[in-house]
Amino acid sequence: MLDGYKRDINYLRVSVTDRCNLRCVYCMPAEGIKTIPHEEILTLEEIFKAVKAASQVGIRKVRLTGGEPLVRLGIVELIKNINSIPQINDIAVTTNGLLLKEMGRELQKAGVKRVNISLDSMDKKRYLSITRTGKLEKVLQGIEEALRLGLNPVKINTVVVRDLNFDEVVDFARWTREAPVHVRFIELMPIGTSSPWAGDQYVPAEEIKSTISSELGPLKEVKKMKGSGPARYFKLGNAKGTIGFITAISDHFCSRCNRLRLTATGGIRPCLFDKREIDIKTPLRRGVSEDILARIFSEAVLLKPDRHHMDYGWNDKRVMSQIGG
Ligand code: SAM
Ligand code: SF4
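Quick note on my numbering: the sequence shown kicks off at 4 and runs consecutively.
Here is the structure:
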């Protein structure tokens with residue numbers, strides 16, 4: 004479906020939960036956030052019906068996210084059902100990887116083709132202090148399992164925060180020489196918890212890139228990358244993996260944006276940085292038909308702004324895990 008700026012919107016990011024088993028410093032406050040009562044969260048049946056309706060009007064790719072999607076009970080069954088929708092040809096998951104070792108195989112069997120795994124440090128102590136509760140070995144085992152299963156590509160999401168992990172970007176880049184991992188450096192965004200300090204701690208992608216190439220040599224641009232979305236990818240010599248940059252701040256990619264979001268509470272959110280949402284939970288609970296729901300999706304697409312206005316600040320009370328990252 005085309006939006007008002009002639010962008011083809013074919014990608015739906017679905018937040019299946021606001022809950023998480025980590026408390027990353029840039030995403031959540033230390034004490035966590037008050038969880039949304041269960042009855043306000045879409046049921047798995049409601050999510051499935053929404054995705055089916057969206058597929059009628061051009062959604063072809065679905066990514067499940069959260070909060071942490073793998074803590075949602077029934078997630079495998081949901082994926083299986085989404086995989087049975089003929090129009091959906093790509094199902095991916097964004098996860099912190101803690102449960103991937105145990106769940107990787109069943110996720111793949113259910114239809115997951117690829118995963119994005121978040122990892123901000125390869126140092127045990129530092130990983131613990133960034134995530135406040137996480138065990139590095141668990142994520143590394145999850146990444147190993149994803150590679151062993153042949154999920155492809157395995158992308159690593161690394162948010163770069165100047166005083167926390169900027170000194171590790173060269174190590175992350177070096178890793179791509181040996182392993183078929185696609186490390187994507189994400190510019191820190193002033194969202195929710197990080198909004199008061201993100202400005203000081205933000206590292207522009209160009210600085211990350213020049214730090215890497217001055218240590219490890221030139222980065223050659225890779226044009227074709229599966230599910231490349233907003234990132235630009237590069238390679239070090241004949242490395243097995245690639246290095247990507249997600250430049251939401253320094254060079255927004257809004258003109259190439261092809262996505263809609265569905266929040267865990269049933270709001271269609273046309274742009275992450277725009278508070279406007281179209282409620283589909285109420286119609287779903289009143290028994291809306293799939294056709295009408297499909298029409299709501301195509302109308303929601305027309306609300307997509309031409310570009311984000313993050314520079315005006317984050318004026319949503321919620322944090323990233325509540326909207327869906
Ligand atoms: N829990 C899952 C995970 O961590 O991969 C999925 C949800 S998480 C909100 C999705 C992605 O958003 C993660 O890669 C996370 O690092 C990123 N993220 C969260 N807050 C961010 C921020 N303020 N700036 C940039 N990226 C952020
Ligand atoms: Fe949880 Fe992901 Fe947020 Fe970390 S970034 S607290 S893993 S939702």
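Cβ coordinates follow ideal geometry from the N, Cα and C atoms, glycine included.
For residue i, tell me which candidate among the options has the shortest Cα-Cα distance.
i    : options                : result
I283 : L265, C274, L275       : L265
F237 : I252, L219, S253       : L219
V173 : E224, I133, T245, Q204 : T245
K141 : N24, A251, I85, H185   : N24
T179 : I249, M192, P156       : P156
N160 : V74, V186, F256        : V186
R289 : V28, E49, K104, N13    : E49
A33  : A176, I194, S132, P183 : S132
K212 : L275, P221, I12        : P221
N99  : Q90, G137, L154, P89   : G137
Is there at least one non-hydrogen atom of ligand 1 closer than 7 angstroms to the beta-carbon of residue i?
i    : result
G137 : no
N168 : no
Y29  : yes
G69  : yes
M192 : yes
I189 : yes
S121 : yes
V162 : yes
N99  : yes
S197 : yes
Quick one: what's got a C-beta closer than 6 angstroms to residue i's C-beta in the same chain, skipping five residues either side?
i    : result
N168 : D123, S124
A251 : E190, M192
V74  : R22, N24
K104 : Q144, G145, E148
Any heavy atom of ligand 2 closer than 7 angstroms to the beta-carbon of residue i?
i    : result
C1   : With the chain covering 4 to 328 only, the question about residue 1 has no answer from this structure.
R66  : no
R26  : yes
T134 : yes
Once you ignore the five residues that flank residue i on each side, which residues in its own chain have a CB closer than 8 angstroms to its CB?
i    : result
A95  : K64, V65, R66, L67, V115, K116, R117, V118, N119, G230
R235 : E224, G247, F248, T250
Compute the minimum distance between the beta carbon of residue i and the heavy atoms of ligand 3, and state whether it is under 7 angstroms.
i    : result
R264 : Among the ligands modelled here, namely ligand 1 and ligand 2, ligand 3 does not occur.
Residues in its own chain within less than 7 angstroms of residue i by CB, not counting five upstream and five downstream?
i   : result
E43 : T268
A56 : E293, L296, A297, F300
Would you mind listing the beta strand (DSSP E) stretches within the stretch 39 to 103 that are 3+ residues and don't spill past its ends, in chain order?
64 to 68, 93 to 98
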